[in-house]
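Enquirer: Encoded as structure tokens, here's the structure I'll be asking about.
Pasting the structure below:
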């Protein structure tokens with residue numbers, strides 16, 4: 001019988017309390033207990049990036065973190081970021097450029113892009129090489145990387161233009 | 165692909181964590197960044213009876229300047245190391261190595277001290293620690309000791325750390341004004357574990373590099389400090405042939421292991437090329 005723990009976290013802007021098994025990782029907690037299936041699970045050992053979520057404002061692998069460790073944390077998933085409209089421009093650009101094909105890797109890629117976009121200032125914007133470097137932690141098995149880089153670059157330029 | 169059953173404890177202070185490790189020695193494992201432990205649990209390569217989560221222990225945070233050394237606490241993430249202007253300026257070898265360490269989301273969680281504790285043969289931080297002979301600070305209940313990196317790594321995933329000890333800090337010596345550093349690695353995908361890599365520290369004399377510390381990693385069970393390198397002097401105007409010869413003499417020290425990343429003799433050739441390139445880059449940066 002697995003040990004149970006009570007946790008309270010801020011998930012997509014709302015306080016959530018739950019009981020979790022000690023051994024349950026965050027991705028399974030989100031998907032199975034909370035039915036938030038936007039976070040995808042693939043390799044479960046940190047290689048593919050499909051399960052990326054935002055943890056306290058930065059991207060993290062939800063398969064490499066226990067649900068009990070999210071106690072007190074601020075977690076955002078693709079559901080929350082979509083509802084908030086914070087990445088609406090990014091999502092529209094993905095659609096416009098066919099940067100999602102089967103869509104399986106997309107939520108994880110969006111988290112990587114969200115962290116990258118959080119660094120956009122009027123100066124020192126992430127370059128195309130830096131976008132590729134950041135995306136090196138996400139596998140797209142449709143291999144549609146080029147359009148993903150294009151979409152992120154377009155949003156970086158648009159947001160930087162809006163700042164300056 | 166799901167972790168086995170374990171008990172989970174999250175002490176608020178170091179004494180609490182050390183007590184748990186002392187009372188459950190051999191059964192309890194430390195959970196810091198979890199970027200290697202969690203895959204091992206998910207794949208059931210590891211089945212500890214207890215995880216001691218040290219993430220709430222505030223005293224293990226932080227990067228600080230201690231004069232001759234820079235201290236990196238056990239909870240300092242790779243991302244924090246990469247973004248530290250103190251480390252970039254005072255321990256430039258870390259700055260050269262960091263772009264090769266994992267991927268963004270993993271860097272946000274994984275820790276320097278955790279990387280040292282795991283001692284993956286293809287990880288960058290153990291190689292950097294051996295190159296600079298960093299001091300690894302270990303605490304157990306009632307005792308503290310410091311182990312130099314050059315004696316810390318004992319074998320494949322084997323270190324001098326006992327089961328009841330936590331690495332609380334690592335102390336990296338600050339670069340001296342006459343020191344020059346180099347780093348190069350080969351991996352299948354950028355940010356993945358290295359097939360083979362090399363980390364280098366050298367002293368610059370007028371028109372030459374000498375007193376080389378050359379460490380190969382990824383290819384051996386532990387980071388390998390080249391015995392041949394120490395006596396080498398490299399003139400700034402070394403020809404490509406001379407550099408290739410020097411690199412070949414140093415990679416002759418290697419005993420590379422065959423694995424899915426390639427045959428041992430292939431890795432030796434790859435290391436020779438990486439070393440030659442890194443030395444060329446270093447020679448280009450010395451003041452003649």
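Residue numbers (my numbering), protein chains in the order written: chain A, 1 to 164; chain B, 165 to 452. No residue lacks a Cβ here, since even glycine has one placed at the ideal position from N, Cα and C.
Given a threshold of 16 other Cβ atoms within 10 Å of its Cβ, counted over all protein chains shown, does residue 165/B qualify as buried or as exposed?
Expert: By the neighbour-count rule (16 or more Cβ atoms within 10 Å), residue 165/B is not buried but exposed.
Enquirer: Of the residues 367/B, 291/B, 348/B, 233/B, which one's Cα is nearest the Cα of residue 438/B?
Expert: Ranking 367/B, 291/B, 348/B, 233/B by Cα distance to residue 438/B puts 348/B first.
Enquirer: Select from the stretch 331-359 of chain B all residues with a C-beta closer than 9 Å to any C-beta belonging to chain A, and list them in chain order.
Expert: Within the stretch 331-359 of chain B, the residues whose Cβ lies closer than 9 Å to some Cβ of chain A are 353, 354, 355, 356, listed in chain order.
Enquirer: Any idea what DSSP makes of residue 119/A, helix, strand or coil?
Expert: Three-state result, residue 119/A: coil.
Enquirer: Assign residue 357/B to one of three DSSP states: helix, strand, or coil.
Expert: Coil.
Enquirer: Grab me the residues of residue 295/B's own chain with a C-beta within less than 6 Å of its C-beta, minus the 5 sequence neighbours each way, in chain order.
Expert: Excluding positions up to five away in sequence, the list reads 363, 365, 377, 379.
Enquirer: Using a Cβ-Cβ cut-off of 8 Å (strictly less than) and excluding sequence neighbours within five positions of residue 341/B, which residues of its own chain qualify?
Expert: Excluding sequence neighbours, residue 341/B sits near nothing in its chain.
Enquirer: Counting only Cβ pairs nearer than 8 Å, list the residues of chain A close to residue 219/B.
Expert: The answer, in chain order, is 69.
Enquirer: Would residue 272/B and residue 242/B qualify as a contact pair, given that the criterion is a beta-carbon distance under 9 Å?
Expert: Going by C-beta atoms, residue 272/B is nearer than 9 Å to residue 242/B.
Enquirer: Can you pull the chain B neighbours of residue 11/A, defined as C-beta to C-beta under 7 Å?
Expert: Result: empty, since nearest Cβ-Cβ is about 18 Å, beyond 7 Å.
Enquirer: Quick one: which residues of the stretch 182-200 of chain B get their C-beta closer than 7 Å to a C-beta of chain A? List them in chain order.
Expert: Listed by position, the residues of the stretch 182-200 of chain B near chain A (Cβ gap below 7 Å) are 198, 199.
Enquirer: Examine chain B for any beta-carbon lying closer than 9 Å to the beta-carbon of residue 141/A, and answer yes or no.
Expert: Cβ-Cβ to chain B under 9 Å: no for residue 141/A.
Enquirer: Please state if the CB of residue 108/A and the CB of residue 154/A are separated by a distance shorter than 9 Å.
Expert: No. Outside cutoff.
Enquirer: Along chain B, in chain order, which residues have C-beta atoms closer than 8 Å to that of residue 52/A?
Expert: Ordered by position in chain B, the residues that pass the 8 Å Cβ test against residue 52/A are 269.
Enquirer: Under 9 Å, Cβ to Cβ, is there at least one residue of chain B near residue 59/A?
Expert: True, the Cβ-Cβ gap to chain B drops below 9 Å.
Enquirer: Measuring straight from C-alpha to C-alpha, what distance separates residue 160/A and residue 93/A?
Expert: Between residue 160/A and residue 93/A, the C-alpha separation is close to 15 Å.
Enquirer: Just the chain A side, please: which residues come within less than 9 Å of residue 289/B by C-beta, in chain order?
Expert: Near residue 289/B there are no residues of chain A at all, since even the closest Cβ is about 17 Å away, more than 9 Å.
Enquirer: Could you give the distance in angstroms between the alpha-carbon of residue 389/B and the alpha-carbon of residue 314/B?
Expert: Each residue's alpha carbon lies about 8 Å from the other.
Enquirer: Assess, as a yes-or-no matter, whether the stretch 127-145 of chain A is touched by the stretch 49-68 of chain A under the definition of 3 or more beta carbon pairs within less than 8 Å.
Expert: At 8 Å Cβ cutoff, the stretches touch.
Enquirer: Among 373/B, 293/B, 265/B, 218/B, which one has its Cα closest to the Cα of residue 396/B?
Expert: Considering only alpha carbons, the answer is 373/B.
Enquirer: Could you please give me the residues that DSSP links to residue 275/B through a beta bridge?
Expert: Answer is 241/B, bridged to residue 275/B.
Enquirer: Quick check on DSSP: helix, strand or coil for residue 232/B?
Expert: Coil, per DSSP.
Enquirer: Since I believe residue 66/A is in contact with residue 26/A (beta carbons under 8 Å), could you give me their beta-carbon distance rounded to a whole number of angstroms?
Expert: About 7 Å; that satisfies the 8 Å criterion.
Enquirer: Taking DSSP as the reference, what is the three-state secondary structure of residue 32/A?
Expert: In the structure shown, residue 32/A sits in a helix (DSSP, three-state: H, G or I).
Enquirer: Going by DSSP, name the residue or residues bridged to residue 94/A.
Expert: Looking at the DSSP assignment, residue 94/A forms no beta bridge with any residue, so it has no partner.
Enquirer: Measure the alpha-carbon distance for residue 84/A versus residue 12/A and round it to whole angstroms.
Expert: In a straight line, the C-alpha of residue 84/A is about 9 Å away from that of residue 12/A.
Enquirer: Return no unless some Cβ of chain B is closer than 9 Å to the Cβ of residue 81/A.
Expert: False, the Cβ-Cβ gap to chain B never drops below 9 Å.
Enquirer: Taking 8 Å as the threshold, find out whether the stretch 141-152 of chain A comes into contact with the stretch 89-106 of chain A through three or more Cβ pairs.
Expert: Counting Cβ pairs under 8 Å, three or more are found: they touch.
Enquirer: With 9 Å as the threshold, decide whether the Cβ of residue 128/A is near any Cβ in chain B.
Expert: Residue 128/A does not count as touching chain B.
Enquirer: Give the residues of chain A in contact with residue 171/B, contact being defined as C-beta atoms less than 8 Å apart.
Expert: Per Cβ cutoff of 8 Å: 3, 22.
Enquirer: Going along chain A in order, which residues have a C-beta closer than 9 Å to the C-beta of residue 212/B?
Expert: Going along chain A, no residue has its Cβ under 9 Å from residue 212/B, so there is no contact; the nearest lies around 11 Å.
Enquirer: Around the C-beta of residue 40/A, are 16 or more other C-beta atoms found within 10 angstroms, so that it is buried, or is it exposed?
Expert: With 16 or more Cβ atoms within 10 Å of its Cβ, residue 40/A is classed as buried.
Enquirer: For residue 217/B, collect the residues of the same chain with a Cβ closer than 6 Å to its Cβ; drop the 5 residues on either side in sequence, then sort them by chain order.
Expert: So the qualifying residues of the chain are 174, 195.
Enquirer: CB-CB under 6 Å to residue 64/A, same chain, minus the five flanking residues each way: which ones, in chain order?
Expert: The residues are 46.
Enquirer: Using the Cα positions of residue 449/B and residue 249/B, report the straight-line distance between them to the nearest angstrom.
Expert: Roughly 20 Å separates the two Cα atoms.
Enquirer: What residue range does the alpha helix (DSSP H) around residue 423/B cover?
Expert: Here residue 423/B belongs to no alpha helix (DSSP H), and DSSP marks it neither H nor E.
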